[in-house]
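Line by line, the protein sequences give chains A and B.
First residue of the first sequence? That's -15 in this note's numbering, and the numbers climb one at a time after it.
First residue of the second sequence? That's -15 in this note's numbering, and the numbers climb one at a time after it.
Step one of this worksheet: look at the structure below.
2 protein chains.
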Amino acid sequence: MERKIVEGVVRNKEKSKEKFLNAVGKILRTKGFSALKVNDIAAVAGLDKKLIYNYFGGTDQLIDEYIKSQDFWSNVKNEPDLDINDGGQGLSKAMLLWQFDYVFKNKELQKIILWGLLENRSSLKKLADDREESGDALFKNISDPHFGEHSWRYRAIMALLISGIYYLDIYASTNDNTFCGLNVKTEEGRKEIEEALSFMIDKVYESK
Amino acid sequence: MERKIVEGVVRNKEKSKEKFLNAVGKILRTKGFSALKVNDIAAVAGLDKKLIYNYFGGTDQLIDEYIKSQDFWSNVKNEPDLDINDGGQGLSKAMLLWQFDYVFKNKELQKIILWGLLENRSSLKKLADDREESGDALFKNISDPHFGEHSWRYRAIMALLISGIYYLDIYASTNDNTFCGLNVKTEEGRKEIEEALSFMIDKVYESK
DNA sequence: TTTTTTTATCACCATTTGGTGATATATACT
DNA sequence: AGTATATATCACCAAATGGTGATAAAAAAA
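Here you go:
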């Protein structure tokens, strides 16, 4: 006969695992991934580090499990109520502007994006795969048909704009400097970027 | 009377300082800035770590001095032989394409760019200031007069394109994933990006 | 040559870090 | 109630890391 799993108030494996995962998130948001050390994670979780080895196998696996548990790109996906009779022009704009704002506000996502530029962690690669896959739906179903032979140009432009958005948002978070004279932290600076994004989408769709 | 500075073959302060600075560069290129530890730097330099404290005051100051010694953005500056009767259209294109290639090849610069997104080191801030200042010449003298009331739109677009270039180049170096379906590591992928850059500059100048 | 000073090494320490075996105890089962 | 076991803690270790005082040795000055 199976023994019932322990779920007391003091001893509770599932709750402890949760505590560790939460601790990873907290440290990631506040100190960044370079601060993700066993001792510190255990301290923040309020539990013994030995449990990290027992429950996850080690810090790396714990971190991987954390990344998997957070569906960072799930919110990014399509706004279904937008019409696409314009070949995705409105959708493209909305998506870029939304991401520009979303990444700016989500410090944890910023850390994750940066992490993906620094390390080759398998769980981070999977994140990138997910992002690619969800984006592919937009391309294959909407923009590719609309742009035909120029579909790759549209993709290249989106690649530049999206990665530019990432960079500028992160730059603004860690830096007080301007970029090309723009202060991406301020309302005015961000407005300029937003108008530029909108402008460029218009131009790509005009030139089809 | 001043004592002559020591410059033997075995003991030579200036050469030793050089060795430390070179060691920093080597580690930065090969292992990244997270590997810049006193013991490792000393080992690579082939000297005792005590000298790092004696000559520079510590690892941080040594690293700062290294960053200052490398004029990372000096090469980026203008190509003076390009005419600017087109309001800087050709210059803008050439600059973007050149940077796209330059950053892709220069792994050390990639690390520095990333570093600037992670830490708030004063020497890195100075680097950013330098970059801004050298770019400002282009804006103030060429694009601002040409674009008039739309000068900030041009700057915002350049900010997006340049930061997109940085991101994609670094992404390509550390990642095997595609981005918006493009493989920025391959000749074809990079060609698409280059054409997109060129296309967008044209559009901005058309719409003036 | 002898002395002085600069340059470099060495031995050593404290702290941080990752990791584990032995042990205690809360919970579940009988 | 008593017993078994999953859960959690503790003490401890080895290696890595940052940092320094005492000392050796090379080069310059006498």
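Yeah, the Cβ is synthetic: ideal placement off N, Cα and C, and Gly gets one too.
Within 10 angstroms of the Cβ of Thr14 (chain A), are there 16 or more other Cβ atoms? Answer buried if so, exposed if not. exposed
Using a beta-carbon distance cut-off of less than 7 Å, what residues from the segment 107 to 132 of chain A approach chain B? Lys109, Ala112, Asp113, Glu116, Gly119, Asp120, Phe123
Given a threshold of 16 other Cβ atoms within 10 Å of its Cβ, counted over all protein chains shown, does Trp82 (chain A) qualify as buried or as exposed? exposed
Asn104 (chain B) classed as buried or exposed, judged by whether at least 16 other C-beta atoms fall within 10 angstroms: exposed
Nearest to Ala143 (chain A) by alpha carbon, out of A:Glu116, A:Ala121, A:Gly165? A:Glu116
For Ile154 (chain A) and Thr158 (chain B), I'd like the C-alpha separation in whole angstroms. 18 Å
State the beta-bridge partners of Phe163 (chain B) as determined by DSSP. B:Leu166
Give the C-beta separation of Gly148 (chain B) and Tyr151 (chain A) to the nearest angstrom, bearing in mind that I take them to be a contact with Cβ-Cβ under 8 Å. Correct: roughly 7 Å between the Cβ atoms.
Checking contacts by CB at 9 Å: is Ile11 (chain B) closer than that to chain A? no
From the DSSP output, in three-state form, read off Asn90 (chain A) for me. coil
CB-CB under 7 Å to Gly173 (chain A), same chain, minus the five flanking residues each way: which ones, in chain order? Leu166, Asn167
What does Glu176 (chain A) touch in chain B if you count any residue whose Cβ is under 9 Å from its own? For Glu176 (chain A), the residues of chain B that pass the 9 Å Cβ criterion are Trp136, Arg137, Arg139, Ala140, Ala143, in the order they occur in the chain.
Taking only beta carbons into account, state which residues of the segment 32 to 63 of chain B come closer than 9 Å to chain A, listed in chain order. none
Can Phe56 (chain A) and Ile177 (chain A) be called in contact, C-beta distance under 9 Å? no
Rounded separation between Val22 (chain A) and Glu171 (chain A) - CA only: 40 Å
Flag Asp160 (chain B) as yes if its beta-carbon sits less than 9 Å from any beta-carbon of chain A, otherwise no. yes
Throw me the rounded Cβ distance for the Gly71 (chain B) and His130 (chain B) pair, which I believe falls under 8 Å. Going by Cβ atoms, the distance from Gly71 (chain B) to His130 (chain B) rounds to 3 Å, so yes, they are a contact pair.
Quick one, which of A:Asn90, A:Phe4, A:Glu179 has its alpha-carbon nearest Ala45 (chain A)'s? Ala is not the amino acid found at residue 45 (chain A); the sequence shown has Gln there. Among A:Asn90, A:Phe4, A:Glu179, the Cα nearest to that of Gln45 (chain A) belongs to A:Phe4.
In angstroms, rounded to a whole number, what distance separates the CA positions of Gly(-10) (chain A) and Lys1 (chain A)? In the sequence under discussion, the amino acid at residue -10 (chain A) is Val, which differs from the Gly named in the question. Roughly 13 Å between the two C-alpha positions.
Outcome for Gly132 (chain B) when other beta-carbon atoms lying within 10 angstroms are tallied against a minimum of 16: With fewer than 16 other Cβ atoms within 10 Å, it is exposed.
Judging by CA-CA distance, which residue of A:Ala78, A:Ile47, A:Arg137, A:Ser118 is the nearest neighbour of Ile11 (chain A)? For the set A:Ala78, A:Ile47, A:Arg137, A:Ser118, the Cα lying nearest the Cα of Ile11 (chain A) is the one of A:Ile47.
Can a CB atom of chain B be found closer than 9 Å to the CB of Asn104 (chain A)? yes
Of all Cβ atoms in chain A, is any one closer than 9 Å to the Cβ of Tyr189 (chain B)? Tyr189 (chain B) does not count as touching chain A.
So that I know if they touch, is there some Cβ in chain A lying closer than 9 Å to that of Leu181 (chain B)? yes
To the nearest angstrom, how far is it from the Cα of Tyr37 (chain B) to the Cα of Thr43 (chain B)? Approximately 7 Å, taken between the alpha carbons.
Collapsed DSSP secondary structure at Glu193 (chain B) in the structure displayed: Residue 193 (chain B) cannot be examined here, being either before or after the span of chain B that is shown, -15 to 192.
Thinking C-alpha only, which one of A:Lys175, A:Ser118, A:Glu92, A:Ile25 is nearest Thr162 (chain B)? A:Ser118
Three-state secondary structure (DSSP) at Glu(-9) (chain B)? strand
DSSP state of Asn38 (chain B) mapped onto helix, strand, coil: helix
Determine the direct distance from the alpha carbon of Lys187 (chain B) to that of Tyr138 (chain B), and round the result to whole angstroms. 11 Å
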